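Colleague: This structure is in structure tokens; I'll ask about it shortly.
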Amino acid sequence: MSSRELINRKAGRDYHVIESLEAGIALSGTEVKSLRDGQANFNDAFARVDQGQVWLHNFHISPYEKGNRENHEPKRQRRLLLHKNQIRKLHQEISQSGCTVVPLKGYFKNRYFKVLIGICKGKTHGDKRQTLKKRESDREMRRAISNQMRGR
582 MSSRELINRK AGRDYHVIES LEAGIALSGT EVKSLRDGQA NFNDAFARVD QGQVWLHNFH
642 ISPYEKGNRE NHEPKRQRRL LLHKNQIRKL HQEISQSGCT VVPLKGYFKN RYFKVLIGIC
702 KGKTHGDKRQ TLKKRESDRE MRRAISNQMR GR
């Protein structure tokens, strides 16, 4: 994991990820510089299809420290760059199944910033508890196996 990779841990806890796809994002110069400094946050971010384009809402990129009056607005809507057939498929999935589109990860690929978005269905309170129980049992199982291996 590189130092410039953003991970939305909240998405894994609150949603079941049905499908994921990689999208580019339209950014200004100071936004790219802030992202390279690791000054971004995916909390409460989501994507929405509007008039044939996908927009990312509530993705907070802090203003660039050395920026001037041309600095960007931290929580502005940013366009996700996808092919037309991907947008059409995404719109169908969202409208039919009542899912949401949530950014899962953000990273630099070559010199471009990419966002891994997921078509997600919200977890209920019971699902979240079940996930915690499974994680706890897996941890106990690994611990027991490692203790058994050390005992030999």
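Going letter by letter, the sequence shown gives residues 582 to 733 in the numbering used here.
Note that CB positions come from ideal geometry on N, CA and C, so glycine has one too.
These numbers come from a predicted model, not from an experiment.
#1: Are the beta-carbon atoms belonging to arginine 659 and leucine 637 less than 7 Å from one another?
#2: Among Gly707, Glu721 and Asn728, whose alpha-carbon lies nearest the alpha-carbon of histidine 597?
#3: For the structure I just gave you, are there three or more beta carbon pairs, one from the region 602–615 and one from the region 660–680, closer than 8 Å?
#4: Quick check for students: name the residue ranges of the alpha helix (DSSP H) that lie wholly in the region 682–724, counting only runs of 4 or more.
#5: Restricting to runs no shorter than 3 residues, where is the beta strand (DSSP E) found entirely within the region 619–650?
#6: Serine 583 to glutamate 717, Cα distance in whole Å?
#7: For the beta strand (DSSP E) that leucine 602 lies in, which residues bound it at each end?
Modeller: So, to answer that:
#1: yes
#2: Gly707
#3: yes
#4: none
#5: 627–631 and 634–638
#6: Low confidence applies to serine 583: its pLDDT is 48, below 50, so where it sits in the model is not reliable, and the reading given next is rough at best. Taking the straight line from one Cα to the other gives about 28 Å.
#7: Unbroken beta strand (DSSP E) run through leucine 602: 596–606.
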